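Student:
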Amino acid sequence: MKDKKPYDLRNTLIIYNFIQVLVSLYLVYEGLMAGWLYEYNFICQPIDYSYKPSSMRMANCVYLYFMCKLIELLDTVFFVLRKKDRQITFLHLYHHSLIPIGAWIGVKFFAGGYPTLSGLINCFVHVFMYTYYMLAAFGPYMQKYLWWKKYLTILQIVQFIIIFFHNFQMQFISCNISKPLSILLMINACLFTYMFGSFYVNNYLNSKVGRVSKTNGAINGSVSVNDNTISNKMKHDKSN
């Protein structure tokens, strides 16, 4: 594999990401219609173990969500086949390792009630995320239309902040919830907020500062070499 050329998976990625967008849209719709739009209470929604139609609809939604998390492991496979090793970060590996396990726990023990909000928000974010990936797969000529990339990271951060505070406020009210699960969701939300926040700072804020510094250096007529700044004007005066 080391000596092989990267695979050209453009058409495969376009189709794969398009399907992910459609499935994510479907899960958002089902999650809303099965509970969160009409029946569920954002402040306190106990875990639902009943067999009423809306409960079974939500359980089916959670099961499909779990299957999607397994299919999303293909993201890593595609990175490897295309030799995009730089994109296989700790954040990527942590996310794609933990989420399928969490989704399985949801199917097994918590297929209804307040824990499903995390999956609903995640699917909403994935509609935009996989839309971006699909458009990016068309090639370089699409880059000018993908200026909103950094806002995806902001959306991810907002996602985990909502999940954290949703579970945090339930610790102080009388609500029939699984406190260990709720605490785990808060810890996980904090970790993801930190990692996505660090990613945003390193890739957008720090890089922007670097570009500004470089531009100012060019405007001021100086070049930095090994942390020693040499003024072009001083060099000119010395030569005279």
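So the sequence shown is numbered by the numbering used here: it starts at 29 and just counts up by one.
Note that beta-carbon positions come from the ideal geometry of N, C-alpha and C, so glycine has one too.
Note that this is a predicted model, so its numbers are computed, not measured.
Taking contact to mean at least 3 C-beta pairs separated by less than 8 Å, is the region 143-151 in contact with the region 49-67?
Tutor: yes
Student: Under a Cβ-count criterion, where at least 16 other Cβ atoms within 10 Å of its own Cβ denotes burial, should M223 be classed as buried or exposed?
Tutor: buried
Student: Suppose you measure from the CA of T243 to the CA of L163; what does that come to, to the nearest Å?
Tutor: In this prediction, T243 has a pLDDT of 38, which is less than 50 and means its spatial position is unreliable; what the coordinates show is noted afterwards. Take the alpha-carbon of T243 and the one of L163: they are about 31 Å apart.
Student: Within 10 angstroms of the Cβ of D76, are there 16 or more other Cβ atoms? Answer buried if so, exposed if not.
Tutor: Counting C-beta atoms within 10 angstroms of its own C-beta, D76 has 16 or more neighbours from the protein chains shown and is therefore classed as buried.
Student: Out of K111, N69, L119 and G141, which has the shortest C-alpha to C-alpha gap to K32?
Tutor: When each option's Cα is compared against that of K32, the closest is K111.
Student: Write down the C-beta distance between I190 and I149 rounded to the nearest angstrom, noting that I regard them as a contact closer than 8 Å.
Tutor: 6 Å
Student: By Cβ distance below 8 Å, which residues in the same chain neighbour M198 in space, the five residues on each side in sequence not counted?
Tutor: I71, C72, Y142, I205 and S210
Student: My parser needs the beta strand (DSSP E) runs of 3 or more residues fully inside the region 175-228; what are they?
Tutor: none
Student: Give me the Cβ distance between L219 and N195, rounded to the nearest whole Å; I'm assuming they're in contact under 8 Å.
Tutor: Contact between L219 and N195 fails: their C-beta atoms lie close to 14 Å from each other, not under 8 Å.
Student: Do you know how far the Cα of F137 is from the Cα of Q187?
Tutor: 23 Å
Student: Counting along the chain, where does the alpha helix (DSSP H) carrying C72 start and finish?
Tutor: Taken as a continuous stretch (DSSP letters only), C72 belongs to no alpha helix (DSSP H), as it is neither H nor E.
Student: Measuring only the C-alpha atoms, how far is L174 from L180?
Tutor: 11 Å
Student: Give the secondary structure of I116 by DSSP, where H, G and I count as helix, E and B as strand, and everything else as coil.
Tutor: I116: coil per DSSP, three-state reduction.
Student: Between the Cα of I182 and the Cα atoms of Y160, T159, Y228 and F193, which residue gives the shortest distance?
Tutor: Y228
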